[in-house]
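Below is one structure; the comments refer to it alone.
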Amino acid sequence: MKIAFLHRRLLLVTLPLLAALLSPGLLQAQPLTDKKEPEQIRIGFQKSAVNLVVLKQRNTLEQRFKNSKIVWLEFPAGPQLLEALSAGSLDFGMTGDSPPVFAQAANKDLLYVGAEPPKPESSAILVQPASAIKTLADLKGKRIALQKGSSAHFLLVQAVKKAGLAWTDIQPIYLAPADARAAFERGSVDAWAIWDPYYGAAELSFKPRVLSTGRGLSNNNSFYLAARGFAENYPGTVLSLLDELTKADRYVQQNHREVAQLISDVSGLNLATVHLFLSRRANPSPTSVISPAMAIDQQRVADSFKEIGLIPRAVKVADIVWYPKNAPLAQQ
Numbered sequence: 084m085k086i087a088f089l090h091r092r093l094l095l096v097t098l099p100l101l102a103a104l105l106s107p108g109l110l111q112a113q114p115l116t117d118k119k120e121p122e123q124i125r126i127g128f129q130k131s132a133v134n135l136v137v138l139k140q141r142n143t144l145e146q147r148f149k150n151s152k153i154v155w156l157e158f159p160a161g162p163q164l165l166e167a168l169s170a171g172s173l174d175f176g177m178t179g180d181s182p183p184v185f186a187q188a189a190n191k192d193l194l195y196v197g198a199e200p201p202k203p204e205s206s207a208i209l210v211q212p213a214s215a216i217k218t219l220a221d222l223k224g225k226r227i228a229l230q231k232g233s234s235a236h237f238l239l240v241q242a243v244k245k246a247g248l249a250w251t252d253i254q255p256i257y258l259a260p261a262d263a264r265a266a267f268e269r270g271s272v273d274a275w276a277i278w279d280p281y282y283g284a285a286e287l288s289f290k291p292r293v294l295s296t297g298r299g300l301s302n303n304n305s306f307y308l309a310a311r312g313f314a315e316n317y318p319g320t321v322l323s324l325l326d327e328l329t330k331a332d333r334y335v336q337q338n339h340r341e342v343a344q345l346i347s348d349v350s351g352l353n354l355a356t357v358h359l360f361l362s363r364r365a366n367p368s369p370t371s372v373i374s375p376a377m378a379i380d381q382q383r384v385a386d387s388f389k390e391i392g393l394i395p396r397a398v399k400v401a402d403i404v405w406y407p408k409n410a411p412l413a414q415q
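So the sequence shown is numbered by this note's numbering: it starts at 84 and just counts up by one.
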């Protein structure tokens, strides 16, 4: 009888303890700590990098990394950002899905370190309101402006494939976003594949017709990338950056109007455009390390470019995915 009583007492003590130990919060490993902080953290961003812009405008990283100089550099598109990253001019930055594929195919030394949820409605193929182009199949033979190696590049690849066309059936005109918009407005090209906020700005400015968004064609994933040396030498800093990005997203959800004004201030975009492209983001948009599912999805992007000869060699995305030891669990 006494033994049974003691057994019950033991269960009453140990079961709550086990439950606590197995709770989701404690299943995540303790954060990494670097031996020393980097002297500087050079961050590349684009107008569409909402959470990064929030961190920049609120000086959050300057408070988190008091012993590091925070340097912010803006880029018009992902390919230019990753060129700077691979050249040693940046440590960390955000792009869409296609730029890292082109960078890896060109043997650029960088790593995928984080990602945000998909936002397929944030990119589109635009045509003029009176254009004879009514379906994706009508793109055959047409001149289409796009930034080479951008997320819009993959969108167009998928659109052409869905229409039953070959890539050689269209005439891609490779232009940076500002030049592409100018060419589209003056009628030098028949269509324009583009992403937010350029997409939203065009929509509100001259009312193009949306031939297709990324829905059903491209997830339009956003990735955070780092120079290999930076990620390997400062893994704790990288994880802290991802943590601050998720906190910034929570701030976005709770302070929508203020954030819209912050983005307008740094980008020069009007508030209507900012509100429009914010509405097309995933809500919420937390940042996580790369899960196996994310790597598989990104491999499909890489394979699509290789199949039609747009990158010079096949690449294995998993080869440049950063899996830090003791990191919190990635989203599946």
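Ideal Cβ placement from N, Cα and C applies to all residues, glycine included.
Taking the C-beta atoms as reference points, V372 is found nearer than 8 angstroms to V196. With contacts defined by Cβ atoms closer than 8 angstroms, I126 and F158 do not form a contacting pair. Going by DSSP, P182 is part of the alpha helix (DSSP H) stretching over 181-188. Note that the segment 138-152 does not touch the segment 169-186; fewer than 3 beta-carbon pairs, one per stretch, sit closer than 8 angstroms.
Contiguous alpha helix (DSSP H) elements confined to the segment 258-326 occur at 260-268, 281-289, 311-316, taking only those with 4 or more residues.
Of all alpha-carbon atoms in I277, I124, M377, Q230, the one lying nearest the alpha-carbon of I403 is that of M377.
Here the alpha carbon of S350 sits roughly 22 angstroms from the alpha carbon of K231.
A contact is defined here as three or more CB-CB pairs under 8 angstroms, and the segment 233-245 meets this definition with respect to the segment 378-393.
Each of K244, T251, A276 was checked against the Cα of L258, and the nearest Cα belongs to A276.
Going by C-alpha positions, V335 is about 40 angstroms away from R396.
C-alpha of I208 to C-alpha of Q123: approximately 39 angstroms in a straight line. In summary, Q129 is buried, with 16 or more beta-carbon neighbours lying within 10 Å of its beta-carbon over all protein chains present. 8 angstroms or more divides the Cβ of L144 from the Cβ of W405. In the three-state reduction of the DSSP assignment, V372 falls in the coil class, being assigned neither a helical nor a strand state. CA-to-CA, the gap between T116 and F360 works out to about 36 angstroms. Rounded to whole angstroms, the gap between the alpha carbons of K223 and Q140 is 44 angstroms. Residue pairing by DSSP puts F175 in a beta bridge opposite I126, A309. When secondary structure is reduced to three states using DSSP, E199 falls in the strand class. Q254 counts as exposed, since fewer than 16 other C-beta atoms from the protein chains shown sit within 10 angstroms of its C-beta. Under DSSP, K152 forms a beta bridge with Q123. Annotated as proximal: R364 and S205, with beta-carbon spacing under 8 angstroms.
In the DSSP assignment, R226 is bridged to Q254.
Close CB contacts of D273 within its chain, under the 6 angstroms cut and outside five residues either way in sequence, are with K225, R226 (chain order). The C-beta distance from A343 to V321 rounds to 29 angstroms, too long to meet the 8 angstroms contact threshold.
P203 and L300 have their C-alpha atoms spaced approximately 8 angstroms apart. The C-alpha of D279 lies about 10 angstroms from the C-alpha of A132. Residue nearest to E268 within the set S368, A249, K290, A310 is K290 (criterion: CA-CA distance). For K245 against L219, the beta-carbon gap comes to about 6 angstroms, under 8 angstroms, which counts as contact.
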